[in-house]
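Residue 106 in our numbering sits at position 114 of the sequence shown; the count goes up by one each step and never skips.
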Amino acid sequence: MITGATSVYGIIGNPVSHSLSPVFQNRAYDYLGLDAVYVPFLVQPDGLVGALEGLSRLGVKGVNVTVPFKELVVPLLHELTEMARQMGAVNTIQFNGDHWVGTNTDGDGFWNAMMDLGVSSEATCGIVGSGGSARAIAMGYASRGGKKLRMLNRTLEKAHRLKRDIQLWYPLLDCEVASIGDVGVLQGCDLVVNTTSVGLGGGSQGLMDMGWVNHGQMVGELTYGAPSEWLEAAKARGGVPFNGRGMLLHQGILSIEFWTGKRVPMGVCEEALRGIF
Ligand SMILES: NC(=O)c1ccc[n+]([C@@H]2O[C@H](COP(=O)([O-])OP(=O)(O)OC[C@H]3O[C@@H](n4cnc5c(N)ncnc54)[C@H](OP(=O)(O)O)[C@@H]3O)[C@@H](O)[C@H]2O)c1
-7 MITGATSVYG IIGNPVSHSL SPVFQNRAYD YLGLDAVYVP FLVQPDGLVG
43 ALEGLSRLGV KGVNVTVPFK ELVVPLLHEL TEMARQMGAV NTIQFNGDHW
93 VGTNTDGDGF WNAMMDLGVS SEATCGIVGS GGSARAIAMG YASRGGKKLR
143 MLNRTLEKAH RLKRDIQLWY PLLDCEVASI GDVGVLQGCD LVVNTTSVGL
193 GGGSQGLMDM GWVNHGQMVG ELTYGAPSEW LEAAKARGGV PFNGRGMLLH
243 QGILSIEFWT GKRVPMGVCE EALRGIF
C-alpha cells in the first residue's frame, strides 16, 4: 500500500515505457520489506535539468538513468563514485537532499552476470562496439583484474578513444582495437559480447563475418528479446549464447543496494520477469 511515508525511486529516460526495471524493482522492494515504489519517468531531451531538480525537490530518493541521459547527467551531479568517474557515465543517482550522488552499476552488472555463467575475470574478452555499454563492460573488466581485451568498432577512432581512456586508469591492460571487419582479433577470446545497437528488428546478420567463433566460446549480446541473427549465427558455429537479461537484473540489484544498503536475491528478480520474456 502506498502511503505518505512511501519512498519513491524510478528511472528517467526517453523512451522509458519499454523498461522492465519497474517490474523487478517493485518485486524486490516487496521481498525486502521496504515501503517503497519504483516508477518510470519520461524526460524530454531539453528537460533534464528541470527533471532532476523536480525529482529532488519532490523527495524522490533515487533514479536509474537510461538512454540518452547517462553521460548528460554527469556534470549536473555533486559527487561521483570512482566507477562513474572512470566511465564518464551514470546509471544510478541518489538524491540526498541537495547533494546528488551518481554511480554506474552497468559494468559490475555485466560481470556479475558472467560470474553466474561461470566466466572468471581471467577470461580473454572481446567486445564488439565502443559505445556506452562497451565502455562500462570494458572498465568493469579492467577493474576486476581482466588482462586481455579486444575491441572492434565500426568507427575505429571511437574504439581508439575508448582504449586511451581505459589505459589512463589501467595502463597495464593488454588492449587491442580493430575495425569491425578485422574479426581475426576475436579468435581465441574466451568471451565475446556484441554491444552494438544493431540486432533488434533484424539487420544484424551482415554485421560481421562469423568465422572467428569457436566451439564452446561464450558469445552473447546485450539485448534480451528474441536472439538476433548475429547470435543465431554464433550458436550455429558452436558458440555458447547469452543475452542481456543477467546484466539487466544485476545492474538493478546493485542500484537497489546503492540506495538502500540491502541486497535482493537474483531469483526474486528473475521470478518477477517470468512470463514477460
Ligand atoms: N542488458 C542491459 O542491461 C543493457 C544495458 C545497457 C545497454 N543495453 C543495450 O546495449 C545496446 C547498446 O547500448 P549503448 O548504450 O552502448 O549504445 P551506444 O552508446 O549508442 O553505442 C552503439 C554502438 O553500436 C554501434 N553501431 C550502431 N549501429 C551500427 C551499425 N549499423 N553497424 C555497426 N555498428 C553499429 C556503434 O558504432 P559507432 O561507434 O560506429 O557508431 C556503437 O559502437 C542497446 O541495444 C541497449 O539497449 C543493454
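In this text, a Cβ means the ideal position worked out from N, Cα and C, and glycines have one as well.
Predicted, not measured: the structure shown is a model, and the values here were computed from it.
Q. Using the rule of at least 16 other Cβ atoms within 10 Å of the residue's Cβ for burial, across every protein chain shown, is E114 buried or exposed?
A. With fewer than 16 Cβ atoms within 10 Å of its Cβ, E114 is classed as exposed.
(Q) Just to confirm, is the Cβ distance from N56 to Q36 under 8 Å? (A) No, the Cβ-Cβ distance between N56 and Q36 is not below 8 Å.
**Q.** Residue nearest to W161 in terms of C-alpha spacing, selected from F16, M258, G80
**A.** Out of F16, M258, G80, G80 has the C-alpha closest to the C-alpha of W161.
Q: Would you kindly check if the distance between the Cβ of G89 and the Cβ of V65 is under 8 Å?
A: No, Cβ-Cβ distance for V65 and G89 is not below 8 Å.
Q: Can you tell me which of L109, G118, D38, L165 puts its alpha carbon nearest to the alpha carbon of T188?
A: Out of L109, G118, D38, L165, G118 has the C-alpha closest to the C-alpha of T188.
(Q) Please determine whether the Cβ atom of Y30 lies at a distance below 7 Å from any heavy atom of ligand 1. (A) No, since every heavy atom of ligand 1 falls outside the 7 Å radius drawn around the Cβ of Y30.
Q: Round the Cβ separation of I248 and V256 to the nearest angstrom and send it over; I've been treating them as touching at under 8 Å.
A: Approximately 6 Å separates the beta-carbon atoms of I248 and V256; this is inside 8 Å, confirming the contact.
Q: Please work out which residues of its chain come closer than 6 Å, Cβ to Cβ, to L148, disregarding the five sequence neighbours upstream and downstream, and give them in chain order.
A: S171, listed in sequence order.
Q. Does DSSP put Y162 in a helix, in a strand, or in coil?
A. In the structure shown, Y162 sits in coil (DSSP, three-state: anything other than H, G, I, E or B).
Q.
Quick check: the Cα distance between N206 and P233, rounded to an integer number of angstroms?
A. Rounded to whole angstroms, N206 to P233 spans 12 Å at the Cα level.
Q.
Just to confirm, is the Cβ distance from K140 to T116 under 8 Å?
A. T116 sits close to K140, with the two beta carbons spaced by under 8 Å.
Q: Check V250 in the structure and name its three-state DSSP category.
A: The residue asked about is misnamed: residue 250 is Phe in this sequence, not Val. Three-state DSSP puts F250 in a helix.
Q) Straight-line CA distance for Y30 to F102? A) Taking the CA atoms as reference points, Y30 sits about 22 Å from F102.
Q. With a cut-off of 8 Å, do at least 3 Cβ pairs link the segment 63 to 78 to the segment 223 to 233?
A. By the C-beta criterion, the segment 63 to 78 is judged not to be in contact with the segment 223 to 233, since fewer than 3 inter-stretch pairs fall below 8 Å.
Q. What's the gap between the Cα of Q78 and the Cα of R266?
A. Distance between the alpha carbons of Q78 and R266 is about 34 Å.
Q. Of all the options G217, C261, G238, which has the alpha carbon lying nearest to the alpha carbon of H10?
A. That would be G217, whose Cα lies nearest to the Cα of H10.
Q: Going by CA-CA distance only, name the one from V82, L50, L47 that's closest to P60.
A: Minimum Cα distance to P60 is reached at V82.
Q) Terminal residues of the continuous alpha helix (DSSP H) containing I85? A) No alpha helix (DSSP H) holds I85; the beta strand (DSSP E) holding it covers 84 to 88.
(Q) Please state whether the Cβ-Cβ distance between M106 and L183 is less than 8 Å. (A) Cβ atoms of M106 and L183: closer than 8 Å.
(Q) Can you tell me which residues form a DSSP beta bridge with I(-6)? (A) Answer is none; I(-6) lacks a bridge partner.
Q) CA-CA distance, S(-1) and K53? A) Using only the alpha carbons, I get a separation of about 7 Å.
Q: For the alpha helix (DSSP H) holding N235, just list the boundary residues, first then last.
A: Premise fails: N235 is in no alpha helix (DSSP H) and is neither H nor E.
Q: Quick one: give me the first and last residue of the alpha helix (DSSP H) that I129 is part of.
A: Segment 124 to 135, the alpha helix (DSSP H) holding I129.
Q) Helix, strand or coil: which one does DSSP assign to H152? A) In the structure shown, H152 adopts helical secondary structure according to DSSP, grouped into three states.
Q | Within the segment 61 to 120, ranges of the beta strand (DSSP E) (whole runs, at least 3 residues) | A | Listed in chain order, they are 84 to 88, 91 to 95, 117 to 120.
Q.
For ligand 1, I want to know if L125 counts as a neighbour, meaning its beta carbon is within less than 7 Å of at least one of the ligand's heavy atoms.
A. It is worth fixing the name first, because residue 125 is Ser in this sequence and not Leu. Yes - ligand 1 has a heavy atom lying nearer than 7 Å to the Cβ of S125.
Q. In its own chain, which residues sit with a C-beta less than 6 Å from the C-beta of S196, not counting the 5 before and 5 after it?
A. When the five nearest sequence neighbours on each side are left out, the beta carbons in the same chain lying within less than 6 Å of the beta carbon of S196 are those of V190, S220, E221, W222, in order along the chain.
Q) Relative to the C-alpha of G25, which residue among P14, D38, G51, M(-7) is closest? A) Comparing Cα positions, the closest option is M(-7).
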